[in-house]
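Visitor: One structure, pasted below without further comment.
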DNA sequence: GCTACTGTGATATTTCAGTAGTACAGTTGA
DNA sequence: TCAACTGTACTACTGAAATATCACAGTAGC
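Residue numbers (the working numbering), protein chains in the order written: chain A, 21 to 152; chain B, 21 to 152.
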């Protein structure tokens with residue numbers, strides 16, 4: 021199962037779905053032009069409502085991540101960025117894992133690590149480097 | 021001003037406040053036993069409701085981060101963890117910043133970096149290493 | 001053309017988190 | 001005792017999210 025939002029996490033399901041789709045594309049699990057699961061089948065599989073999936077897809081289209089073709093389905097956008105990203109990400113996962121491992125070795129909990137990263141990312145955002 | 025949640029960020033104010041209090045404790049900006057701002061003064065300063073601050077404080081107490089004394093005020097819990105953390109965190113900020121910098125050098129946006137970390141942290145969480 | 005699949009759209013309902021206003025209650029010190 | 005501070009509790013409003021249900025519309029294959 022490629023996607024699995026957690027309904028009791030507090031984070032809206034449609035947002036989780038969006039993040040997971042994006043992440044799948046970034047890591048290459050979903051490739052440019054590839055078709056995504058249909059709204060109805062996916063909703064049934066995840067045991068959520070059709071509208072929730074539809075909302076996620078609509079937002080993703082609005083962000084240019086995917087392309088919706090009425091009657092045909094949803095497809096990953098054909099942009100060069102995805103390909104570049106897959107390349108750029110090759111090896112970064114181990115890099116990230118290593119960084120986290122070092123922090124855990126210092127005795128930090130996952131939550132503490134998360135706050136550290138968020139604080140640092142927030143600092144960057146504030147410095148004019150707007151979100152992509 | 022020590023705390024400043026952003027009401028229009030989408031993230032609940034009381035959660036932001038909680039994170040900021042924790043972060044302040046972890047970095048040593050707030051020390052063990054130290055008194056936090058009163059609910060009303062703080063609410064007024066941040067231009068939010070008293071209950072919002074109260075909720076944040078209540079949750080923090082429930083997590084064992086602070087201690088509430090009815091009639092007296094809110095105080096940072098006297099646990100050894102805070103002291104250890106301040107030590108453990110000395111130097112980690114530059115470590116985190118360096119990791120992020122490497123990713124940015126590869127052309128990733130802040131959002132993409134965030135998803136990478138979240139995915140990796142989620143992986144850890146799922147493996148039985150529950151949140152602290 | 002028909003069928004079975006796709007996404008679109010509208011509407012109503014429900015639930016729940018977040019926030020707010022206000023009254024209550026404990027503590028402290030003059 | 002009183003005043004001024006602390007946190008606590010209750011009630012209510014609001015809006016976002018999710019659900020359910022339905023009808024509509026484009027596409028592809030037979």
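Idealized CB from N, CA, C, for every residue including glycine.
Skipping 5 residues on each side, what residues in its chain have a beta carbon closer than 6 Å to that of residue 102 of chain B?
Guide: As a first step, residue 102 of chain B is located in the second chain; it is residue number 82 there, counting from the start. Answer for residue 102 of chain B: 45, 52, listed in chain order.
Visitor: Measure the C-alpha to C-alpha separation of residue 94 of chain B and residue 41 of chain B and round it to an integer number of angstroms.
Guide: Taking the second chain and counting its residues from 1, the one referred to as residue 94 of chain B is at position 74. Taking the second chain and counting its residues from 1, the one referred to as residue 41 of chain B is at position 21. Going by C-alpha positions, residue 94 of chain B is about 12 Å away from residue 41 of chain B.
Visitor: So, is residue 119 of chain B buried or exposed, given that buried needs 16 or more other C-beta atoms within 10 angstroms?
Guide: Within the second chain, residue 119 of chain B is the residue found at index 99, counting from 1. Classification for residue 119 of chain B: buried.
Visitor: Using the rule of at least 16 other Cβ atoms within 10 Å of the residue's Cβ for burial, across every protein chain shown, is residue 27 of chain A buried or exposed?
Guide: As a working mapping, residue 27 of chain A is identified with position 7 in the first chain. By the neighbour-count criterion, in which 16 or more other beta carbons inside 10 Å mark a residue as buried, residue 27 of chain A falls on the exposed side.
Visitor: Would residue 87 of chain B pass as a contact of residue 79 of chain B if the rule is Cβ separation under 9 Å?
Guide: Numbered from 1 along the second chain, position 67 holds the residue referred to as residue 87 of chain B. Numbered from 1 along the second chain, position 59 holds the residue referred to as residue 79 of chain B. Their beta carbons are not under 9 Å apart, which means residue 87 of chain B does not touch residue 79 of chain B by this criterion.
Visitor: Flag residue 75 of chain B as yes if its beta-carbon sits less than 9 Å from any beta-carbon of chain A, otherwise no.
Guide: One-based indexing of the second chain puts residue 75 of chain B at position 55. Closer than 9 Å: no.
Visitor: Is the Cβ of residue 138 of chain A closer than 9 Å to any Cβ of chain B?
Guide: One-based indexing of the first chain puts residue 138 of chain A at position 118. So, interface residue.
Visitor: Flag residue 145 of chain A as yes if its beta-carbon sits less than 9 Å from any beta-carbon of chain B, otherwise no.
Guide: For this step, residue 145 of chain A is matched to residue 125 along the first chain. Closer than 9 Å: yes.
Visitor: Between which two residues does the alpha helix (DSSP H) containing residue 124 of chain A stretch?
Guide: As a working mapping, residue 124 of chain A is identified with position 104 in the first chain. It spans 112-125 - the alpha helix (DSSP H) in which residue 124 of chain A sits, taken as one unbroken run.
Visitor: Under 9 Å between C-beta atoms, does residue 37 of chain A make it to chain B?
Guide: For this step, residue 37 of chain A is matched to residue 17 along the first chain. Cβ-Cβ to chain B under 9 Å: no for residue 37 of chain A.
Visitor: With three or more beta-carbon pairs closer than 8 Å as the criterion, would you say the segment 102-113 of chain B touches the segment 57-64 of chain B?
Guide: Pairwise C-beta distances place the segment 102-113 of chain B out of contact with the segment 57-64 of chain B, as fewer than three of them are shorter than 8 Å.
Visitor: Looking only at C-alpha atoms, which of A:31, A:144, A:29 sits nearest to residue 116 of chain B?
Guide: Here the question's residue 116 of chain B lines up with position 96 in the second chain. For residue 116 of chain B, the nearest C-alpha among the options comes from A:144.
Visitor: If you reduce the DSSP assignment to three classes, tell me which class residue 94 of chain A lands in.
Guide: What you label residue 94 of chain A is simply residue 74 of the first chain in a count that begins at 1. Note: residue 94 of chain A maps to strand in three-state DSSP.
Visitor: Mind checking if residue 86 of chain A is an interface residue toward chain B, Cβ cutoff 9 Å exclusive?
Guide: Reading the first chain from its first residue, position 66 is the one you call residue 86 of chain A. Residue 86 of chain A does not count as touching chain B.
Visitor: List the residues of chain A that residue 123 of chain B touches, going by C-beta distances under 7 Å, in chain order.
Guide: Sequence index remark: in the second chain, residue 123 of chain B carries index 103 (1-based). Under the 7 Å cutoff, chain A gives 112.
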